[in-house]
Structure formats: structure tokens, C-alpha cells
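K.L.:
Heads up: the sequence shown at position 180 corresponds to 1049 in this note's numbering, and the numbers run straight through without jumps.
Structure provided below as C-alpha cells; questions to follow.
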Amino acid sequence: MDLRQYLKSILRWWWLVLLSTTIAALASYFASLQQPRIYQTTTTIMVGQVIQKANPEGSDFSLTEQLAESYAQIARRQPVLQGTADALGLDIGWQDLQWRVNAYSIPRTQLLGITVQDISPERAVAIADEIARQLILQSPASPNNKARQDRGQFVQNQLVELEGRIHTTQAQVKELRTKLDAALSAREIKDLQAQITDLETLLDKWQTAYSGLLNFIQGGDSPNYLTVIEPAQLSTTPISPNVKLNVLLAAAVGFMLAVGAAILLEYLDDTLKSAEDVSTSLGLVALGSIERIKGSSYMDRLITSHGPFSPMAESYRLIRSNIQFMSVDQPTKSIVITSSNPGEGKSMTAANLAIIMAQAELKTVIVDADLRRPALHKIFGVPNLGGLTDLLRSPELEFNSHMKNTGIENLQLLTSGPLPPNPAELLGSQRMAQLVQHLEQLADVIIFDSPPVLPVTDAAVLSKRTGGVILVTQAGRTRRDVTKLAIKRLNQVEANLLGTILNQVSQRDGNSNQYAQYYSHSGQGMAGQPVHFTRRRWWQRLPVPLKWRRIPGQ
870 MDLRQYLKSI
880 LRWWWLVLLS
890 TTIAALASYF
900 ASLQQPRIYQ
910 TTTTIMVGQV
920 IQKANPEGSD
930 FSLTEQLAES
940 YAQIARRQPV
950 LQGTADALGL
960 DIGWQDLQWR
970 VNAYSIPRTQ
980 LLGITVQDIS
990 PERAVAIADE
1000 IARQLILQSP
1010 ASPNNKARQD
1020 RGQFVQNQLV
1030 ELEGRIHTTQ
1040 AQVKELRTKL
1050 DAALSAREIK
1060 DLQAQITDLE
1070 TLLDKWQTAY
1080 SGLLNFIQGG
1090 DSPNYLTVIE
1100 PAQLSTTPIS
1110 PNVKLNVLLA
1120 AAVGFMLAVG
1130 AAILLEYLDD
1140 TLKSAEDVST
1150 SLGLVALGSI
1160 ERIKGSSYMD
1170 RLITSHGPFS
1180 PMAESYRLIR
1190 SNIQFMSVDQ
1200 PTKSIVITSS
1210 NPGEGKSMTA
1220 ANLAIIMAQA
1230 ELKTVIVDAD
1240 LRRPALHKIF
1250 GVPNLGGLTD
1260 LLRSPELEFN
1270 SHMKNTGIEN
1280 LQLLTSGPLP
1290 PNPAELLGSQ
1300 RMAQLVQHLE
1310 QLADVIIFDS
1320 PPVLPVTDAA
1330 VLSKRTGGVI
1340 LVTQAGRTRR
1350 DVTKLAIKRL
1360 NQVEANLLGT
1370 ILNQVSQRDG
1380 NSNQYAQYYS
1390 HSGQGMAGQP
1400 VHFTRRRWWQ
1410 RLPVPLKWRR
1420 IPGQ
């Protein structure tokens, strides 16, 4: 199946595509409205204080980046999440809280993000900030760390003792400098300077120790020092559900599923749909295609009679021309109209074709050779008395007494007559051959409406007595394999199969649009008669590429 066939499949199943897309979009819309609104917020933590150093080193950045990744994993573990639930008094376990939390390190930075989603924006803010606080508590550099608290008192005592020593030593240095300023002897000055030097050296050591202990208490420049640089913000816009996105995605999925279903149905559908199908799959001449004729009565469907200038009547004229062109040297005078199975419109096709032949000033006789379920007398509204079976049983072929007037110039009807018990034997008899020969002498065209090919052998038997056979198929109903079997049976009796007529073609695939465009230039049909056309639907008014446009009769 090429691209053109794929597109035609989609257009043929446009209602399925539209319905599926609409249902999917509406279902997604109402489902989205029923879903709870989810809000999201984020707390940002900085690991270490590398950026506060005057001369940071590359190793400092690398270390803090690795620590940020580790803390991102710790943030979603039981100690942190359980501590958060307990601190906030949440009536959920840490496992239930875990799926709401996402902790991640921001690449190539020392930053750590803690994102929380919840149906309550206030609770999301509280959880994100509390997780950050619990994570800081887990850090070794946190003042509230238990191990750090155990050493904190000792360090605090050391700081107090060092502060005292430093203050005492500074006072001693100040006092010695005062004495140095008042000293007169060289020896005394040398001794005072040596004492000051020793005290300043000792003071430097104590100050260094004090600074280290103070950094321990405050966290200092430890790479494990965590600080919140951006607390969670209250969100007023939910992140889920995204109604527009859900509807678009659902519509797209529905559209694709419908397109796939249309292509699959088209692939599995073995019925004939266009004259092109007939030519390519059956290898037969497509004499023409007839659109679906609307009407509840037989008279309404005799379109060539009450609407001789309609596009469908023109389609029958095209079929008439194709039949005449196929037998220019030896015109086919007797034609059997049949079908593969019942219900494909052969009788109505035969009636309209006979009328269109008569309108061409051809003396035409239409014979109801369906001796099982005759219909022509109903179509033309005449009694089924004195017909074909009476002629076959009478010693003389008295046509005048059995021909029925149809009310149409140049067209006479020979009804079936009483139904016999042996239709096939009658149609295949020598008497039938003589009847056909006499009819060919009386008329220019004889059209036989015969039973379908597959259920009974009547059509195959009758085809041996006539000049040609036309097989009527119904678009969207007649299957290719069934038609091939009917053709095989006709070929077995060496019937002259003139071609096929595709009946009840959809308006999109028919020829009415082309005829309407032709006649619309003048607003008049043949013989100056006004032509009335059905308003085309919107999808039929879409532009069609020139190479895809169908040529009437093909």
C-alpha cells in the first residue's frame, strides 16, 4: 500500500479518526479535572564555604561537588525523612514521604536542591525546609551534631582557658613594653626585649589554637558545613495535572490509534471500492462506476428516466460509450447483466442501462431472465404475465403479445413470466438460443437481467447464448475473492466478459463532482435543461492534488 492509498484509507475512515481523537481528548480532559492538584517547591543548600575563601583551590571545588552528591542520597534515606515526619507531626511513614521528595546536586556547583511535591503548597514548603534542617543536623560540621555536642563542652572550656591566658599575656607584653621605654641600661633593654619576644611567640600559639577551637564550634571552613541559601517558596500554580498537555497527548494518541486502525481495516478489507481496484486486482475493464442512488421506490432509482441530465445519468452514458467502443467491428447486441451474489444492484443497473440505450435511439429490449427472483416488472410497474417462460414453451415466438410497454421510447420489456421448476435448463436450451437470435433481429440492443453467478448456474448457462456479459459489483460490499470466483466460473464456459460496473460508489469516489464542474460553467445540462446538484460537504471541497484526481470511466 503506497502513500496515496494510506491517505485514501484515512479519508475513507475520517469519522473513525475524528471520533477517536475527540473521545480521547474529552476523556483526558475530564480525567485531568478529577485528578488532585500537585504543588512543588525547592530548598537550596550550599555544601562547604569554598566560595568564601580568598584563594580557593580546585580540589576544594571537587571535594564539595562529591559531597553534594552524597548528601543528595542521604536526604532521601530513613534518618532524614523519619526525622522530618516526626518533627512536623506527619501521620505518614518515611516510605510514603520518600516518593514526594527528590534531592539532587546541581552539576559543577556546590549546591544541593531538595524538591518536594504535595497536594498542599504550605505542607510542601514545610517538608522541604525541614528536610534541609534534618540534613544539616546529620552533617559533622553542624553545631547540633551529637558527636560534636559531646566534644563541645570540652572545647568551650579550652576556649575560656585560652581566652584568659591570651588576655593575661597581652597585659604582660604591654607592661614589659612600658618598662622597655623607660629602661636606660643596655643589659636591662636586652632582657626586656627577650621576655617580650618569648611572650609574643607563646601568644601566637595560643591565638592559633583558639582560632582552631573556635572554627570547630562555628563550623568554620569545613567542607561538610551546610547552609540554606534559598528556602522553599510557596507555590500558587500546580505542576500537575497539565490539562492542556494531557489533552494534546491524548488527542495525538487517539489520532494515531485511529489512523492505525483505519489502515489495518483497509488492509483487512477485501472489498472493491473503486474502478481502479477492479482494474488492478481483477484485471478486468472497468466500464464505469455509479454512485449510490437515493430513493425508496423503484421509480426514484430509475435515475436515467426521471433525471436524464443528472451526473449519474451521465455515468450510465459513459458506460454505454465504453460498451460500444469495445465492440466497434462486431457490435455486441445481446448482453447479460449479472453479479457475484444477490443484492449488488444488478437489476436496477440493467434497467437504467437499458433506458440510457433507448435514449440513444437504439431499439432496446430488456429481458428479465432471472427466473428465480424476477424484479424488472416491479421496477417498470407492469404485470408479470405472458413473459419469457411463455415464449420458451410456445411453439411460435410471438413477441408482440408478450412485450410490455415501459412508457419509454425505444424500450420494451419482456418479463420473466411464470417461474419454472428448471430455470437453468430453460436458459440453456436450444429454444433459448433461437429466442436470442430472433431478439437480435428485432432490436439493436438486448439486455438480460440474470440471476447471480455464484448461487446458481443460470447466468453461466445464459452467457453461452449471448454476445457478452457485464458483471455488476457493489462498492464496499463485493469481495475480491468472491468476484474472482465468479469470473472463474464465467471463464469456464468461455463467456465473453465485457467488463464490470461498480455500483453504489461513495460520492467522494464517484464522478458527480467532475460533471458538476463541467455543467456549472453554463448552469445548463444537455439540451439546455437546468441541472441541480447536491451541495458538497466540507471535506469534499478540500483541494485534491491533480495527480490524485480520478478521470471519469477509469
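Backbone N, C-alpha and C fix where the C-beta goes; we use that ideal spot for every residue, glycine too.
(1) Going by C-alpha to C-alpha distance, which of Gln-986, Arg-1300, Leu-1187 sits closest to Tyr-908?
(2) Extract the residue ranges of the beta strand (DSSP E) inside the segment 921 to 983, only unbroken runs of 3 or more that lie entirely within it.
(3) Tell me which same chain residues have a C-beta within less than 8 angstroms of the C-beta of Gly-1081, skipping the five on either side of it?
(4) Quick check: what's the CA-CA separation for Leu-1061 versus Asp-1067?
(5) Look up Arg-1155 in the DSSP assignment and say whether it is helix, strand or coil.
(6) By alpha-carbon positions, which one of Ile-1356, Val-1362, Ala-893 ends up nearest to Phe-1124?
(7) Expressed to the nearest angstrom, what Euclidean distance is found between the alpha-carbon atoms of Ile-1204 and Thr-1369?
(8) Leaving aside the five residues before and after Val-1351 along the sequence, list all residues of the same chain whose C-beta is less than 8 angstroms from its C-beta, in chain order.
(9) Please confirm whether Tyr-851 and Leu-981 have their CB atoms less than 8 angstroms apart.
(10) Our contact map puts Leu-1282 next to Arg-1241 with C-beta atoms below 8 angstroms; I'd like the distance itself, whole angstroms only.
(11) List the endpoints of the continuous beta strand (DSSP E) containing Phe-1317.
(12) Can you tell me which of the three DSSP states Gln-1373 falls into?
(13) Would you check if the segment 1210 to 1229 and the segment 1330 to 1345 touch, i.e. whether three or more CB-CB distances between them fall below 8 angstroms?
(14) Let me know the secondary structure DSSP gives Ser-1104 once reduced to three states.
(15) Could you tell me if Lys-1142 is buried or exposed, where buried requires 16 or more neighbouring beta carbons within 10 angstroms of its beta carbon?
(16) Near Tyr-973, which residues of its chain fall below 8 angstroms by C-beta distance, leaving aside the five closest residues on each side in sequence?
(17) Does the beta-carbon of Gly-1336 have 16 or more other beta-carbons within 10 angstroms, so that it is buried, or is it exposed?
(18) Leaving out five residues before and five after Leu-887 in sequence, what residues of the same chain have Cβ atoms less than 6 angstroms from its Cβ?
(19) Note down the Cα distance separating Val-1234 from Ile-1162, rounded to an integer number of angstroms.
(20) Suppose contacts are defined by Cβ-Cβ distances below 8 angstroms. Is Thr-1140 in contact with Arg-1358 by that definition?
(21) Starting from Thr-1173 and walking both ways along the alpha helix (DSSP H), at which residues does that stretch end?
(22) Go through its chain and collect everything with a Cβ distance to Asn-1365's Cβ below 6 angstroms, but skip five positions before and after it.
(23) If you draw a straight line from the alpha carbon of Ser-1148 to that of Glu-1135, how long is it in whole angstroms?
(24) Identify, in the order they occur along the chain, each residue of the same chain with its Cβ nearer than 6 angstroms to the Cβ of Ala-1355, setting aside the five sequence neighbours on each side.
(25) With distances taken between CB atoms, is the gap from Gln-947 to Trp-963 smaller than 8 angstroms?
(26) Using a Cβ-Cβ cut-off of 8 angstroms (strictly less than) and excluding sequence neighbours within five positions of Gln-1064, which residues of its own chain qualify?
P.N.:
Judging by the given coordinates:
(1) Gln-986
(2) 970 to 974
(3) none
(4) 10 angstroms
(5) Here the sequence assigns Ala to residue 1155, which means Arg is not the residue at that position. Reduced to three states, the DSSP call for Ala-1155 is strand.
(6) Ala-893
(7) 12 angstroms
(8) Ser-1209, Asn-1210, Leu-1323
(9) Residue coverage of the chain in this structure runs from 870 to 1423, which leaves residue 851 outside it and unanswerable.
(10) Actually they are not in contact, since the Cβ atoms of Leu-1282 and Arg-1241 sit about 18 angstroms apart, beyond 8 angstroms.
(11) 1314 to 1318
(12) strand
(13) yes
(14) coil
(15) buried
(16) Ala-941, Leu-981, Gly-982, Thr-984
(17) buried
(18) none
(19) 23 angstroms
(20) no
(21) 1172 to 1175
(22) Gly-1337
(23) 18 angstroms
(24) Ser-1209, Val-1322, Leu-1323
(25) yes
(26) Leu-1045
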